[in-house]
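When we follow the numbering used here, the leftmost residue of the sequence shown carries the number 1, and every step to the right adds one. Positions of the beta carbon are idealized from the N, C-alpha and C atoms, including for glycine. Here the structure is a predicted model, which means the values were calculated and not measured. Down below is the structure, laid out as structure tokens.
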Amino acid sequence: MSERRLQAENLHLWRGDRHVLKGVRFAVNAGECLQITGGNGAGKTSLLRTLSGIMYPEEGSITWCGSDIRKDLQAYHGDLAYIGHEPPLKPDLTATENLLYWVGIRRRLDKEAIERELDRMGADQWRSRPIRTLSAGQKRRVALAGLLLMAAPLWLLDEPTTNLDAAGQKLVGALIEEHLARGGLAVAAIHHELEVSSAVIRRLELSSK
């Protein structure tokens, strides 16, 4: 396989009559994080959804490890973990049960691995409670545990620190830095700087005009 690299060339995307993405291009390599910034309506979430293969651009291309993602979308999806605004958690299941179901459909898991990541997320007091009883910040921590358990080289993150306190925001920065140190890549849509070493950060600002 070619060296891990995510590249976008001349992406154009319309939603109805609105030209959301206008010639977006970037490249991010193994060990790097791309921070996508821009005001409301600038297209940050649309770009992440396009990079994930959920949305189709009218023009341009996206390549992963040198190959167009559309050539084998299933294989590409096997290499990425995408965490949106609302992670796919079932309200009546516990944190542990959700991770067994959500991540378990992608790769074989043992309960010890799940409990280990929930420990890291500080879930001692609430891991066995139904998701519907958890705060927004606790749900975000369950999603972060799922992100780690997916063991995917490419992370696509939409506002990963949303609803987290200061300690949670630092945790996100630490998780990303560890992922990059292992040779992973991350693309994050954000409203403020992630707490990640500037040496591994690339930046892309989208305009809402």
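Practice prompt. May I ask you to report which of helix, strand or coil DSSP gives Asn-40?
Written response: coil
Worksheet item: When you compare only the Cα positions, how much space is there between Leu-93 and Arg-132?
Response: 8 Å
Worksheet entry | Where the beta strand (DSSP E) containing Arg-18 begins and where it ends | 18-29
Item to complete: Within the same chain, show all residues whose beta-carbon is closer than 8 Å to that of Thr-96, passing over the 5 residues directly before and after it, in chain order.
Response: Lys-111, Ile-114, Glu-115, Leu-118, Arg-127, Ser-128
Practice prompt. From the DSSP output, in three-state form, read off Gly-53 for me.
Written response: coil
Fill in: With 16 other Cβ atoms within 10 Å as the buried cut-off, status of Leu-80
buried
Practice prompt. Give me the Cα-Cα distance between Arg-202 and Cys-33, rounded to the nearest whole angstrom.
Written response: 6 Å
Worksheet item: Should Met-1 be labelled buried (16 or more other beta-carbon atoms within 10 Å of its own) or exposed?
Response: Caution applies to Met-1, whose pLDDT of 46 falls short of 50 and renders its modelled position unreliable; the model cannot decide the point.
Worksheet item: Is Arg-70 helix, strand or coil by DSSP?
Response: helix
Worksheet item: Comparing alpha-carbon positions, which option in Ser-198, Asn-98, Gly-168, Pro-153 lies nearest Gly-78?
Response: Pro-153
Discussion item. Output needed for Thr-161: all residues of its chain with C-beta closer than 6 Å, excluding positions within five of it in sequence on either side, in chain order.
Written reply: Gln-169, Val-172
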